[in-house]
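Asker: Each residue of the sequence shown is one higher than the last, beginning at 583 in the numbering used here.
We put the CB at the ideal spot given by N, CA and C, even for glycine.
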Amino acid sequence: MPFTLPALPYEKNALEPHIDAATMEIHHGKHHKAYVDNANKALEGTKFADMDPITVIKSLADLPDDKRGPVRNNAGGHVNHSMFWQIMAAPGNGGGGEPTGPLAAAINASFGSFAAFKEKFQDAGAKRFGSGWAWLCVMPGGKVEICSTPNQDNPLMGKAIAGCDGTPILGLDVWEHAYYLKYQNKRPDYMAAWWNVVNWAKVSENFSNAGGK
């Protein structure tokens, strides 16, 4: 089946004041929709057209040369944004606070504290030149690590393509379209505000599903 644009799990204004409704309207309704439409166009007529998007981005090496670039960018954008919407929630109503349970323990084990994790994660996003993402990934054995990828690359594409690997459980979009209407060129301000809408319950679910310990 062709890829489809997922509905947001909340209203477009639900993440205000940290992420504004106008940004959500454009980001979801235009940017993400374009990734879906372009991925479907690139995959049309291939055996990959009937695969789920995560399988597709894990199979980039098997794609014909003329399809690989468009699929990498657009199926990658679809996968990345589909996670992004899910790991956010309205501030004070599922969004914000700190992780608990096994995820909190894993973060403390890898980074020493939640505050140290936040600092390192924001640093990964701030130092991503141009467009890209910052990620928290579960590695084999259950340890969590931070990495960053360019453009719409995803760690699931593998280290040879994305520059890092692991199973992403938290991702922050640092493309300008994610924040420019409200924050202009102040990416650090956007990243600092974003913690107020992180849905740690969903991230913890992702952690468990990825084999985190």
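Could you tell me the distance, in whole angstroms, from the CA atom of Ser786 to the CA atom of Val661?
Answerer: By one-based count along the sequence shown, residue 786 stands at place 204. By one-based count along the sequence shown, residue 661 stands at place 79. Whole-angstrom Cα-Cα distance: 19 Å.
Asker: When the Cβ atoms of the region 592-612 are set against those of the region 634-652, are three or more pairs found closer than 8 Å?
Answerer: Short answer: they don't touch.
Asker: By Cβ distance below 6 Å, which residues in the same chain neighbour Gly676 in space, the five residues on each side in sequence not counted?
Answerer: Position 94 of the sequence shown, counted from the first residue, corresponds to residue 676. Answer for Gly676: Asn781, listed in chain order.
Asker: Please report how far the alpha carbon of Tyr617 lies from the alpha carbon of Val726, in whole angstroms.
Answerer: As a first step, residue 617 must be located in the sequence shown, where it is residue number 35. As a first step, residue 726 must be located in the sequence shown, where it is residue number 144. One C-alpha to the other measures close to 28 Å.
Asker: Have a look at the DSSP bridge pairing and note the partners of Leu754.
Answerer: Locating residue 754 in the sequence shown gives position 172, where the first residue counts as 1. Ala716.
Asker: Which residues mark the beginning and the end of the beta strand (DSSP E) in which Val726 is found?
Answerer: As a first step, residue 726 must be located in the sequence shown, where it is residue number 144. Residues 726-732.
Asker: Comparing C-alpha positions only, which one of Ala697, Gly707, Ala672 sits nearest to Val756?
Answerer: Here residue 756 is taken as the residue at index 174 of the sequence shown, counted from 1. Minimum Cα distance to Val756 is reached at Gly707.
Asker: Can you list, in chain order, the residues of its chain whose CB lies under 7 Å from that of Ala744, leaving out five sequence neighbours each side?
Answerer: Working through the sequence shown from its first residue, we reach residue 744 at position 162. These residues qualify, in order along the chain: Thr731, Asp735, Asn736, Pro737.
Asker: According to DSSP, which residues form a beta bridge with Val780?
Answerer: Counting from 1 along the sequence shown, the entry for residue 780 is found at position 198. Paired residue(s): Met670.
Asker: Between the Cα of Pro599 and the Cα atoms of Ile639, Ala775, Ser664, Trp667, which residue gives the shortest distance?
Answerer: In the sequence shown, residue 599 corresponds to position 17, counting from 1. Residue Ala775 is the option with its Cα nearest to Pro599.
Asker: Taking the Cβ atom as the reference point for each residue, do Pro652 and Thr628 lie within a distance shorter than 9 Å?
Answerer: What you label residue 652 is simply residue 70 of the sequence shown in a count that begins at 1. What you label residue 628 is simply residue 46 of the sequence shown in a count that begins at 1. No. Outside cutoff.
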